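Participant: Just dropping this structure here.
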Amino acid sequence: MRTKLILTLLIIFSFQISAQENIKKCMTTPLVEYELLTNPDYAKGRVNSIAENVAWIKANNTEKTTITIPVVVHIIHKNTHANIGSGTNIPTIQIEDALKILNEDYSKTNPEFPNPPRNTFLNYWGNPDMKFCLATTDPDGNPTSGVTRTSTAQANWDADDSFESNAMKKTVNGGKDAWNPSKYLNIWVCDLTNSQGGGMTLGYAYLPGLPSWNAWKDGLVVDYRYFGTVGIAAPSSDGRTATHEIGHYLGLMHTFCEESDAQGNPICCDNDNNNWGGYVDDTPATKDIYWWSVNSSTNNNTCNDLSYSNIFTTDVLDMDENYMSYASTTWMFTNDQINVMNATLNGYRSSLKNSTVSMNCDGTVGINEYQLENMNIYPNPTLGKLHIDSQEKINTISISNIIGKQVFFAEGFNKNTIDLSSLENGIYFINISTDKGMHIEKIILTK
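Quick note on numbering: my numbering labels position 168 of the sequence shown as 235, and the sequence is numbered without any gaps.
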């Protein structure tokens with residue numbers, strides 16, 4: 068019986084994506100389809116994950132506390148972009164902006180609340196109550212900023228290629244190995260490209276169900292121009308690619324129909340109100356994709372909701388403002404979508420919800436983000452004399468106290484000792500600029 072169900076799901080899913088093969092904003096659907104067709108264990112995992120979710124939801128379970136999830140951001144940058152903030156090696160402020168947007172969207176504190184551009188679905192807008200925090204310990208128990216930076220000779224990563232679409236997740240392929248996916252949400256930020264059919268891939272993620280032997284694929288991949296809205300981000304980036312992809316990662320389908328008729332024309336369907344989608348019945352049936360902005364005058368209505376079994380008793384507009392659509396302005400998850408995500412975090416991804424990894428939830432990247440190799444500052448704590456060993460030419464050095472007041476500055480520094488003995492005991496921050504980037508370290512003065 069289970070084999071028959073798996074085969075049925077494969078046939079349905081293969082049919083669903085046939086009309087979308089040239090749609091590249093999110094590559095989750097073709098990525099998942101390929102994995103289902105080539106990996107029977109994933110097909111079984113999807114069936115089990117869906118069954119767990121449906122059982123959890125039907126039992127009327129709810130999540131009563133904020134779920135905190137540890138995150139590691141892997142920046143995979145070209146080796147010609149060695150300096151932080153250069154090209155694909157995105158600046159720290161862009162990472163912090165991406166996390167800020169993500170946490171706003173998953174706590175219903177995004178700028179559109181409580182007065183969105185239109186209030187059509189205001190009563191269906193739910194609060195996921197989830198918080199994504201940078202990990203402060205790595206899998207070996209060492210301190211970390213929650214950000215890794217990997218230099219690679221790889222020019223970019225072809226999202227249309229079955230190998231390259233996951234290659235950034237392996238060190239041996241020029242990427243970065245995943246941290247334990249049962250304890251960390253891995254996000255790879257890199258330069259994505261497409262070799263087939265045009266279009267532009269902004270990101271993708273696997274739906275729940277990957278077996279343990281290839282769980283290294285689990286997590287998000289986001290193009291470096293669409294992670295956050297500042298720094299090197301594209302002008303068109305709303306910073307919500309990660310919001311959309313985490314929706315997939317937690318079990319959500321697109322809100323628009325991914326089926327077509329025999330001639331390849333888009334048709335109407337309720338894409339996520341089925342077993343595969345977790346029975347999300349508070350998103351309307353929607354035909355094809357709406358790409359544009361949503362405002363008070365948007366009246367896109369592609370399907371008659373009275374023809375479908377859902378929560379709506381009248382024909383309503385398409386919910387283009389949903390994060391799982393492709394509209395250029397989005398701002399909401401529905402209550403049923405949140406139920407699916409909570410079910411996933413209490414089922415297939417329960418170890419992530421209950422991760423014991425320590426986290427930094429203040430929204431800033433820790434100072435370890437700025438520590439360069441071949442730079443040694445000692446002793447720390449210091450009695451006053453601070454020694455600096457650097458294999459890189461030092462351009463400037465500045466030292467500030469804990470309230471940000473600069474107490475030392477030198478340009479073209481060519482010594483190896485700084486005397487801090489005239490300063491009061493306490494915590495200071497040394498900022499060293501080199502051609503390879505910045506090095507920031509906390510210094511403790513105890514005379």
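Every residue gets a Cβ at the ideal spot worked out from N, C-alpha and C, and that includes glycine. Computed from a predicted structure; not experimentally measured.
Going by beta-carbon coordinates alone, are D339 and L319 separated by less than 8 angstroms?
Facilitator: Position 272 of the sequence shown, counted from the first residue, corresponds to residue 339. Position 252 of the sequence shown, counted from the first residue, corresponds to residue 319. Yes, Cβ-Cβ distance for D339 and L319 is below 8 angstroms.
Participant: Quick one: Cα of L487 to Cα of E508, how far?
Facilitator: On the sequence shown, residue 487 is found 420 positions in, with the first residue counted as 1. On the sequence shown, residue 508 is found 441 positions in, with the first residue counted as 1. Between L487 and E508, the C-alpha separation is close to 15 angstroms.
Participant: Which two residues bound the contiguous beta strand (DSSP E) that contains R216?
Facilitator: For this step, residue 216 is matched to residue 149 along the sequence shown. Run containing R216: V214 to T219, per the beta strand (DSSP E) assignment.
Participant: Would you report the Cα separation of S489 and G451, rounded to the nearest angstrom?
Facilitator: By 1-based counting over the sequence shown, the position of residue 489 is 422. By 1-based counting over the sequence shown, the position of residue 451 is 384. Here the alpha carbons of G451 and S489 stand approximately 8 angstroms from one another.
Participant: Starting from N498, trace the beta strand (DSSP E) both ways and give me its first and last residue.
Facilitator: Residue numbering aside, residue 498 sits at position 431 when the sequence shown is read from its first letter. G493 to T501 is the span of the beta strand (DSSP E), which, as asked, contains N498.
Participant: Report yes or no: do three or more beta-carbon pairs, one from the segment 184-200 and one from the segment 131-142, lie closer than 8 angstroms?
Facilitator: yes
Participant: Would P248 pass as a contact of W192 if the rule is Cβ separation under 8 angstroms?
Facilitator: Here residue 248 is taken as the residue at index 181 of the sequence shown, counted from 1. Here residue 192 is taken as the residue at index 125 of the sequence shown, counted from 1. Cβ atoms of P248 and W192: not closer than 8 angstroms.
Participant: Using the Cα positions of N492 and P448, report the straight-line distance between them to the nearest angstrom.
Facilitator: Mapped onto the sequence shown, residue 492 falls at position 425. Mapped onto the sequence shown, residue 448 falls at position 381. Answer to the nearest angstrom: the Cα atoms are 10 angstroms apart.
Participant: Are the CB atoms of I143 and M235 within a distance shorter than 8 angstroms?
Facilitator: Taking the sequence shown and counting its residues from 1, one reaches residue 235 at position 168. Taking the sequence shown and counting its residues from 1, one reaches residue 143 at position 76. Contact flag set, yes.
Participant: Can you have a look at F323 and say buried or exposed, based on whether 16 or more other CB atoms are within 10 angstroms of its CB?
Facilitator: The residue given as residue 323 occupies position 256 in the sequence shown. Answer is buried; the Cβ neighbour count reaches 16.
Participant: Determine the direct distance from the alpha carbon of I151 to that of E88, and round the result to whole angstroms.
Facilitator: Mapped onto the sequence shown, residue 88 falls at position 21. Mapped onto the sequence shown, residue 151 falls at position 84. Only weak support exists for where E88 lies, its pLDDT of 40 falling under 50; the coordinates are left without a value.
Participant: Nearest-angstrom Cα distance between A394 and E312?
Facilitator: Start at 1 with the first residue of the sequence shown, and residue 394 comes out as number 327. Start at 1 with the first residue of the sequence shown, and residue 312 comes out as number 245. Between A394 and E312, the C-alpha separation is close to 14 angstroms.
Participant: Of the choices H141, D385 and K250, whose alpha-carbon is the least far from that of T365?
Facilitator: Working through the sequence shown from its first residue, we reach residue 365 at position 298. Nearest option by C-alpha distance: D385.
Participant: Taking C-beta to C-beta, are N483 and I455 nearer than 8 angstroms?
Facilitator: Position 416 of the sequence shown, counted from the start, is the residue given in the question as residue 483. Position 388 of the sequence shown, counted from the start, is the residue given in the question as residue 455. Yes, these two residues count as a Cβ contact at 8 angstroms.
Participant: Report yes if the C-beta distance between Y415 and G276 is below 8 angstroms; otherwise report no.
Facilitator: As a first step, residue 415 must be located in the sequence shown, where it is residue number 348. As a first step, residue 276 must be located in the sequence shown, where it is residue number 209. Yes, these two residues count as a Cβ contact at 8 angstroms.
Participant: Only counting the same chain, and skipping five residues up and downstream in sequence, which positions put a Cβ closer than 8 angstroms to that of K250?
Facilitator: Position 183 of the sequence shown, counted from the first residue, corresponds to residue 250. Contacts found: P137, P206, S418, L419, S422, T423 and V424.
Participant: Determine, using beta carbons only, whether S467 and Q473 come nearer to each other than 8 angstroms.
Facilitator: Taking the first residue of the sequence shown as position 1, residue 467 is located at position 400. Taking the first residue of the sequence shown as position 1, residue 473 is located at position 406. Yes, they are a contact pair.
Participant: Need the endpoints of the alpha helix (DSSP H) that V288 sits in, please.
Facilitator: In the sequence shown, counting from the first residue as 1, residue 288 sits at position 221. Careful: V288 lies outside any alpha helix (DSSP H), inside the beta strand (DSSP E) at L287 to D290.
Participant: Along the chain, which unbroken stretches of the beta strand (DSSP E) at least 3 residues long are found entirely within the segment 438-490?
Facilitator: 442-445, 452-457, 461-468, 473-478 and 484-486
Participant: Rounded C-beta distance between Q161 and G295? I'm assuming under 8 angstroms.
Facilitator: Taking the first residue of the sequence shown as 1, we reach residue 161 at position 94. Taking the first residue of the sequence shown as 1, we reach residue 295 at position 228. Contact between Q161 and G295 holds, since their C-beta atoms are separated by about 4 angstroms, short of 8 angstroms.
Participant: Below 8 angstroms between beta carbons: does that hold for V432 and S212?
Facilitator: Within the sequence shown, the letter at position 365 stands for residue 432. Within the sequence shown, the letter at position 145 stands for residue 212. Yes, Cβ-Cβ distance for V432 and S212 is below 8 angstroms.
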